[in-house]
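Quick notes on the structure that follows.
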C-alpha cells in the first residue's frame with residue numbers, strides 16, 4: 005500500500021508531462037479499490053471516519069477525471085493529490101488503535117499555548133459552576149460570553165497568521181477568566197486560572213493586571229465584614245477599580261496605552277476601598293469620593309459593552325454591515341465624550357455631542373432597515 | 008532534503024489522523040448524549056473537521072507548515088469543544104439541567120439588534136435630558 009502512494013508521488017510528474025494519463029488513472033483507481041476493500045474488512049473503531057475520507061477521495065477523483073477530459077491535466081493532478089491524501093488518512097484510521105502520542109503540546113509563550121489555556125479556563129469555570137450549582141450574575145455571564153467570543157477571535161487571528169493579535173486576545177481572555185474565577189471563587193470553591201500561568205507568558209504587564217484582579221477580589225472578601233451603610237460607599241471605589249480593570253485589559257488587548265499605569269491607578273482605588281473598610285471598623289476616615297465620576301464611568305462602560313455586542317452580532321450575521329458597524333463606533337465615542345463634557349459642566353458642547361450620538365444612532369437604525377439613510381431634521 | 012520533507016508530511020498526516028479520531032469520538036459522545044445539543048460544542052466539532060480538510064488541502068499544495076498550523080487549529084477547536092461538552096455532561100448527570108449558557112442565545116439577531124438600538128437611543132435621550140436640566144440654571 006505504502007509503495008503505491010510512493011509510486012504515485014514519484015512518478016506522477018513524468019506521467020503528466022508524458023501524457024500517460026491512463027497509467028495515472030489506473031493507479032488511482034487501484035488505490036481507491038484497495039483502501040475500500042480494507043475498509044470493508046476492517047474492525048477499526050474509526051471505520052466510519054475512514055469511509056468519510058474515502059468518499060472525499062472519490063469526489064476528488066471524479067473531479068480529476070473531469071479535468072483530465074477537459075484538457076486540464078495540472079488541475080487533474082491537484083485533485084488526485086488531494087484524493088490521495090484523504091486515502092492516506094483513511095488508511096491511518098483503518099489501522100488498529102489510536103495513537104494519542106500525537107496530541108500536541110504547546111510551547112510556552114506561543115499564541116497556541118495561550119488559546120489552549122483559555123479554552124481550559126472557560127471549561128473549568130463552567131464545570132465549577134455546574135458542580136457547585138452557584139448563581140452567576142447577569143454581568144458575569146455577559147462577560148463570560150464575551151470571553152468565549154475572544155477565544156474564537158484568537159483562533160481566527162491565528163488562522164490568518166496574525167500571531168501577535170491571537171496571543172494578545174487569548175491572554176486578555178485569560179485575564180478576564182482570572183477575574184471571573186476570583187469573583188466566583190467563594191461560590192465555586194475552584195481555582196480557575198493557575199497563578200503560575202501568568203508568569204509563563206513572560207510579560208510583566210500581564211502579571212500586573214492579574215495582580216489587580218487579585219486585589220479587587222481580596223477587597224470584596226473584606227467588604228463582607230463591614231456594615232451595610234459603609235458598604236455602599238466602599239462599593240463605589242470597588243466599582244471604579246473594576247472599570248479601571250476593564251480599561252486596562254482593553255488597553256492590553258489593543259496594545260494601546262500604558263496598561264501598567266492604568267493598573268497602578270486601579271490598585272490605588274482598591275487601596276482607598278481597603279482604607280474605608282479599615283476605617284469602618286476603627287477610626288473615621290472620610291476620603292474625597294468622586295461619586296459622579298464613578299457613576300459616569302460605569303454608564304460609559306455599560307453603553308460601550310452593549311454597542312460592542314451589537315457590532316459583533318452584525319459582523320457575524322451580515323457581511324455587508326461594515327458601514328453600520330463603523331457608525332456605531334461613532335455613537336459610542338460621542339456618548340462617552342458627551343458624558344465627560346457634562347461632568348466638566350460644558351453643557352453646550354455636551355448637548356452638541358449627545359445630539360451627534362442621537363443623529364448617528366437614528367441613522368444606524370435606518371441602515372439596519374436597509375432604507376436609504378439620512379440625518380433627521382427632527383432630532 | 009526530500010526525505011526530510013516526506014517525514015514532515017507524514018508527521019502532519021499522523022497529527023491529522025489523531026485529531027480527526029479525537030473529534031470523531033467527541034462527535035459520537037455528543038450525538039449519543041441524549042440531551043440538548045450545545046451549539047458551541049457542535050460548532051467546535053464542525054470547525055475542527057473543517058480545519059483538518061484545510062490541512063489536507065495545504066499538504067496537497069506542498070505547504071506542510073500551513074498544514075501543521077491548520078492541524079493545530081483543529082486541535083484547539085477540539086479541546087475547547089470537549090471541555091464544554093464534559094462540563095455539560097456533569098450538569099446533566101447531576102440531574103439539575105440548569106446549564107450555564109456560554110453563547111448569546113439570540114434566535115433572531117436582527118430583532119435583537121433593533122431592540123438594542125432602541126435601548127441605546129433611550130440612554131442617549133436620558134443623557135440629553137440630564138444635560139438640559141443641568142444647563143437650565145447655568146448657561147455656559
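Chains as they are written, first to last, in the working numbering: chain A, 5 to 383; chain B, 8 to 147. By construction, the Cβ of each residue, glycine as well, lies at the ideal position given by its N, Cα and C atoms.
Check residue i in the structure and name its three-state DSSP category.
| i | result |
| --- | --- |
| residue 383/A | coil |
| residue 70/B | coil |
| residue 357/A | helix |
| residue 128/B | helix |
| residue 110/A | coil |
| residue 81/A | helix |
| residue 140/A | coil |
| residue 34/B | helix |
| residue 22/A | Bear in mind that a pLDDT of 48 at residue 22/A, under 50, signals an unreliable position, so the model cannot answer this. |
| residue 165/A | coil |
| residue 147/B | Confidence is the limiting factor: at residue 147/B the pLDDT is only 44, short of 50, which leaves the residue's position unreliable, though a coordinate-based value still follows. DSSP places residue 147/B in coil when its eight states are reduced to three. |
| residue 90/B | helix |
| residue 282/A | helix |
| residue 196/A | coil |
| residue 106/B | coil |
| residue 45/A | helix |
| residue 113/B | coil |
| residue 115/A | helix |
| residue 2/A | Given that chain A is displayed from residue 5 to residue 383, the structure contains no residue 2/A and the question cannot be resolved. |
| residue 177/A | helix |
| residue 97/B | helix |
| residue 364/A | helix |
| residue 52/A | helix |
| residue 135/B | helix |
| residue 60/A | helix |
| residue 340/A | helix |
| residue 157/A | helix |
Decide if residue i is buried, meaning its Cβ has at least 16 other Cβ atoms within 10 Å, or exposed.
| i | result |
| --- | --- |
| residue 323/A | exposed |
| residue 126/B | exposed |
| residue 378/A | exposed |
| residue 170/A | buried |
| residue 124/A | buried |
| residue 42/B | exposed |
| residue 369/A | buried |
| residue 22/A | With a pLDDT of 48 at residue 22/A, under the threshold of 50, the predicted position of this residue should be treated as unreliable, and no value is reported. |
| residue 1/A | A query on residue 1/A cannot be resolved here, the shown segment of chain A reaching from 5 to 383 and no further. |
| residue 141/B | exposed |
| residue 382/A | exposed |
| residue 92/A | buried |
| residue 74/B | buried |
| residue 177/A | buried |
| residue 70/A | exposed |
| residue 175/A | buried |
Beta-carbon separation of residue i and residue j under 8 Å?
| i | j | result |
| --- | --- | --- |
| residue 181/A | residue 122/A | yes |
| residue 213/A | residue 277/A | no |
| residue 386/A | residue 295/A | A question about residue 386/A goes unanswered here, because the residues of chain A that appear run from 5 up to 383. |
| residue 24/B | residue 96/A | yes |
| residue 57/B | residue 19/B | no |
| residue 131/A | residue 94/B | yes |
| residue 27/B | residue 48/B | no |
| residue 126/A | residue 94/A | no |
| residue 184/A | residue 209/A | no |
| residue 124/B | residue 372/A | yes |
| residue 204/A | residue 112/A | yes |
| residue 217/A | residue 179/A | yes |
| residue 222/A | residue 244/A | no |
| residue 264/A | residue 248/A | no |
| residue 284/A | residue 228/A | no |
| residue 116/B | residue 321/A | yes |
| residue 336/A | residue 358/A | no |
| residue 306/A | residue 338/A | no |
| residue 109/B | residue 253/A | no |
| residue 51/B | residue 106/B | no |
| residue 54/A | residue 68/A | no |
| residue 92/B | residue 39/B | no |
| residue 162/A | residue 108/A | no |
| residue 120/B | residue 314/A | yes |
| residue 84/A | residue 28/A | yes |
TODO: Answer yes if the region 186-198 of chain A comes into contact with the region 127-142 of chain A, meaning at least three C-beta pairs across the two stretches below 8 Å, and no otherwise.
DONE: yes
Open item on the list: Counting beta carbon pairs with one atom in the region 33-49 of chain B and one in the region 60-69 of chain A, are three or more of them shorter than 8 Å?
Closed with: no
Task: Three-pair Cβ contact test at 8 Å for the region 356-375 of chain A versus the region 332-342 of chain A - done: yes
TODO: Kindly provide the ranges of any beta strand (DSSP E) runs that are 3 or more residues long and lie completely inside the region 43-88 of chain B, ordered along the chain.
DONE: none
Open item on the list: Could you check whether the region 125-139 of chain B touches the region 147-161 of chain A, counting it as contact only if at least three pairs of C-beta atoms, one from each stretch, sit closer than 8 Å?
Closed with: no
Task: Inside the region 200-271 of chain A only - alpha helix (DSSP H) runs reaching at least 4 residues - done: 201-204, 208-227 and 232-258
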